[in-house]
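Asker: Structure provided below as structure tokens; questions to follow.
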């Protein structure tokens with residue numbers, strides 16, 4: 064992988080967490096609320112990032 068492509072991939076990976084919290088968290092919270100499921104933001108984030116570990 065060339066340096067430019069590697070830098071771009073690294074840059075995208077750095078900002079995916081912010082995007083998941085800013086965009087994914089409210090959508091997921093809204094879904095859980097509509098289903099009558101009560102989950103904290105930290106529990107939702109843990110489930111969103113659970114596939115990484």
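Residue numbers (our numbering): 64 to 116. Beta carbons are placed, not taken as given, at the ideal position from N, Cα and C, and that holds for glycine.
1. What's the C-alpha gap between residue 87 and residue 100?
2. Enumerate in chain order the residues of its own chain whose CB-to-CB distance from residue 107 is below 8 Å, with the five nearest sequence positions on each side excluded.
3. Output the distance between the C-alpha atoms of residue 97 and residue 103, rounded to the nearest integer angstrom.
Answerer: According to the structure data:
1. 17 Å
2. 88, 91, 92 and 95
3. 14 Å
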